[in-house]
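A.B. asks: Per the working numbering, the very first residue in the sequence shown carries number 5; after that it's consecutive.
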Amino acid sequence: MARTPTIGGNWKMNLDFDEAMELASGLRNRLGSHRGAESIIFPSFPYLRPVSQRLRDSAIAVGAQDLHTEASGAFTSGVTGTMIRSVGCTHVLIGHSERRTVFGDDDALVAKKLSVALTAGLIPVLCIGETLSEKEANQTFSVLARQLDTALRAHTPEALSTLICAYEPVWAIGTGLTATPEQAQEVHAWVRSHVRGLLGPTFAEQLRIQYGGSVKPANAAGLMSQPDIDGALVGGASLKAESFAEIVRAAR
Ligand code: PEP
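1) Where do the ends of the alpha helix (DSSP H) carrying HIS198 lie?
2) Kindly list the residues whose CB is nearer than 7 Å to the CB of SER29, restricted to its own chain and excluding five residues on each side of it in sequence; keep chain order.
3) Using the DSSP secondary-structure output, state which residues sit across from PHE130 in a beta bridge.
4) Can you tell me whether THR8 is buried or exposed, with buried defined as 16 or more other CB within 10 angstroms of its CB?
5) Quick check on VAL238: buried or exposed, where buried means 16 or more other Cβ atoms within 10 Å of its Cβ?
6) Can you check the stretch 104-149 for any alpha helix (DSSP H) of at least 4 residues that lies completely inside it and give the ranges in chain order?
7) Runs of 3 residues minimum, wholly inside the stretch 35-65: which ones carry the beta strand (DSSP E) assignment?
8) Any idea which residues DSSP pairs GLY216 with across the strands?
9) Can you tell me the Cα-Cα spacing of ASN142 and GLU134, whole angstroms?
10) At a cut-off of 7 Å, would you count GLU3 as near the ligand PEP, judging by its Cβ distance to the nearest heavy atom?
11) Could you check what DSSP says for GLY178 in three-state terms: helix, strand or coil?
12) Out of ARG200, ILE88, ALA222, which has the shortest C-alpha to C-alpha gap to GLU209?
13) With a threshold of 16 other CB atoms inside 10 Å of the CB of ARG256, please say whether the residue is buried or exposed.
14) Closest by CA to ALA24, which one among SER242, ALA254, GLY235?
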């Protein structure tokens, strides 16, 4: 089955307002009518609405970097899935490694966030990945199995039909170290086969699995030419319109 490659740009906690709007305009000029890979950008919360408006009727979708698990109430600083939808977003990152390691989101909280994202009608991008010490202890597959099982086991394939998964080895994020295409392919094939066991062959075959970790124009094509790598989740290289556009164009 042909899976449409999907490239995400995670702006993290970067850019002031003017820079964010300039980047959105630069992306619109380069990718606004691009019909190859799908592109989604994840700006900071204050920029979601103006960026969505600037990208309205373009081929670029907008998502949030996180969401709160409660629907409303006394949760100072929390942002709900409904709020995110109401400012023009279609996607949300769930369980990004910086949420897990810096903010302490554990597997149970990530699973809850996935559930509320689905309830809000957002397309979840579920991030999974092992740390360097877990990799060195040969725990990559047991860590990924735990992360996938906790997040996915409560759901039917139908409920998860929009899910995008991002495999991001934590040791490769923001470090300049990238898994080789062969290393990444081995893990992606393992993820797909594990998901097959959880949710069945049809679901696993259509699931898009992005690779993330220091993806840039120079390494994007090699990674995305692998059979189980269906796009990329990009941090640093998504902060320049031309480098993000080059990565999107590299996806065939
Ligand atoms: C990310 O933020 O998900 C990421 C992969 O960052 P970078 O591309 O900078 O490694």
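We treat Cβ as the ideally placed atom computed from N, Cα and C, and that holds for glycine.
C.D. replies: Taking the definition as stated:
1) Here residue 198 is taken as the residue at index 194 of the sequence shown, counted from 1. Looking at the DSSP string, the run of the alpha helix (DSSP H) that includes HIS198 is 185-203.
2) As a first step, residue 29 is located in the sequence shown; it is residue number 25 there, counting from the start. Hits under 7 Å: ARG58.
3) Taking the sequence shown and counting its residues from 1, one reaches residue 130 at position 126. Residue 130 is actually Leu in this sequence, not Phe. In DSSP, LEU130 forms a bridge with ILE98, CYS169.
4) If you number the sequence shown from 1, residue 8 lands on position 4. Label assigned to THR8: exposed.
5) Residue numbering aside, residue 238 sits at position 234 when the sequence shown is read from its first letter. Per the 10 Å Cβ criterion, buried.
6) 111-123, 136-140
7) 42-46
8) Position 212 of the sequence shown, counting from 1, holds the residue named residue 216. Its beta-bridge partners are LEU237.
9) As a position in the sequence shown, residue 142 is number 138, starting the count at 1. As a position in the sequence shown, residue 134 is number 130, starting the count at 1. Straight-line Cα distance between these residues: approximately 10 Å.
10) With the chain covering only 5 through 256, there is no way to say anything about residue 3.
11) Within the sequence shown, the letter at position 174 stands for residue 178. Coil.
12) Counted from its first residue, the sequence shown places residue 209 at position 205. Nearest of ARG200, ILE88, ALA222 to GLU209, Cα basis: ARG200.
13) Taking the sequence shown and counting its residues from 1, one reaches residue 256 at position 252. Result: exposed.
14) As a first step, residue 24 must be located in the sequence shown, where it is residue number 20. Answer by Cα proximity: SER242.
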